[in-house]
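Residue numbers (the working numbering): 8 to 162.
A short write-up of the structure that comes next.
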Amino acid sequence: MILLTDDLRERLLANGLERGADHVPVVKFFNPLGEGVWLATERNADGDTLFGLADLGYPELGSFSLEELASIVLPFGMRIERDILFTGDFPISVWAEAAREAGSIRAAERILYERLRLDVTARDAHPELRGTGDERLRISGFAPRIAGRSRRPSE
8 MILLTDDLRE RLLANGLERG ADHVPVVKFF NPLGEGVWLA TERNADGDTL FGLADLGYPE
68 LGSFSLEELA SIVLPFGMRI ERDILFTGDF PISVWAEAAR EAGSIRAAER ILYERLRLDV
128 TARDAHPELR GTGDERLRIS GFAPRIAGRS RRPSE
């Protein structure tokens, strides 16, 4: 499998040029046989260095190498895969906080999308609950934080 399509490369590079923004992850890589999930939001101009949330037992923000991911050979000849159905949906700060609280990116993914599903169901049943602003940040229940300060859309 090709880990990055040309479109994904361009989107990651564009995000990399906009430093300091709270980007939504563009791509998710995973180990199909065990631990290891990476959410990438940005790519450096060197073409190899990605920035995002990596989880090899404990989720943390940082840089990782696309070349190293591509070079990993797992048992049975398997390799690191790209989740072709991944949509990101939430800023990386929400993913990071949810993953830290849940203990992993995979657990955070289940929690975030379950909350989103429940909220959409509630809004469909009760149109008066619909609000304005960034619904997904409020839906997630996780407030993005930078330097200890909340960055909720209403503040």
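Ideal Cβ positions, reconstructed from N, Cα and C, are used throughout, including at glycine.
Keep in mind it's a predicted model, so treat the numbers as computed, not measured.
Notebook entry, point to check: Are valine 31 and phenylalanine 93 touching if we call contact CB-CB under 8 angstroms?
Noted result: The Cβ atoms of valine 31 and phenylalanine 93 lie no closer than 8 angstroms to each other.
Next item on the list: Entirely within the stretch 89 to 138 and at least 4 residues each: give me those alpha helix (DSSP H) ranges in chain order.
Entry: 99 to 109, 112 to 132
Check: Roughly how many angstroms lie between the CA atoms of aspartate 141 and glutamate 25, to the nearest whole one?
Finding: Here aspartate 141 scores only 49 on pLDDT, less than 50, and its place in the model is too uncertain to base an answer on.
Item checked: Cross-strand partners of aspartate 62 (DSSP beta bridge) -> Val44, Pro66
Next item on the list: Evaluate the contact criterion for the stretch 37 to 46 versus the stretch 9 to 19: three or more CB pairs, one atom per stretch, below 8 angstroms.
Entry: The stretch 37 to 46, when compared against the stretch 9 to 19, does not touch it at the 8 angstroms Cβ threshold.
Check: So which of Ile79, Arg50, Glu108, Asp96 has the shortest CA-CA distance to arginine 124?
Finding: Asp96
Check: When you compare each of Phe37, Ser78, Thr48, Glu17 to serine 70 by their alpha carbons, which one comes out closest?
Finding: Thr48
Notebook entry, point to check: Which word fits valine 101, buried or exposed, when buried means at least 16 other C-beta atoms lie within 10 angstroms of its C-beta?
Noted result: buried
Notebook entry, point to check: Taking buried to mean at least 16 other C-beta atoms within 10 Å of its own C-beta, is phenylalanine 83 buried or exposed?
Noted result: exposed
Next item on the list: Using the Cα positions of asparagine 22 and leucine 60, report the straight-line distance between them to the nearest angstrom.
Entry: 15 angstroms
Next item on the list: Please go through the same chain and pick out, in chain order, the residues whose beta-carbon is closer than 7 angstroms to the beta-carbon of isoleucine 79, but skip the five residues on each side of it.
Entry: Arg86, Ile87
Checklist line | Cβ separation of arginine 50 and leucine 57, assumed to be a contact under 8 angstroms, to the nearest whole Å | finding: 5 angstroms
Checklist line | Extent of the continuous alpha helix (DSSP H) run through leucine 81 | finding: Taken as a continuous stretch (DSSP letters only), leucine 81 belongs to no alpha helix (DSSP H), as it is neither H nor E.
Notebook entry, point to check: Quick one: is isoleucine 112 buried, meaning 16 or more other Cβ sit within 10 Å of its Cβ, or exposed?
Noted result: Buried, because 16 or more other Cβ atoms sit within 10 Å of the Cβ of isoleucine 112.
Next item on the list: Could you spell out where the alpha helix (DSSP H) holding leucine 20 opens and where it closes?
Entry: 13 to 24
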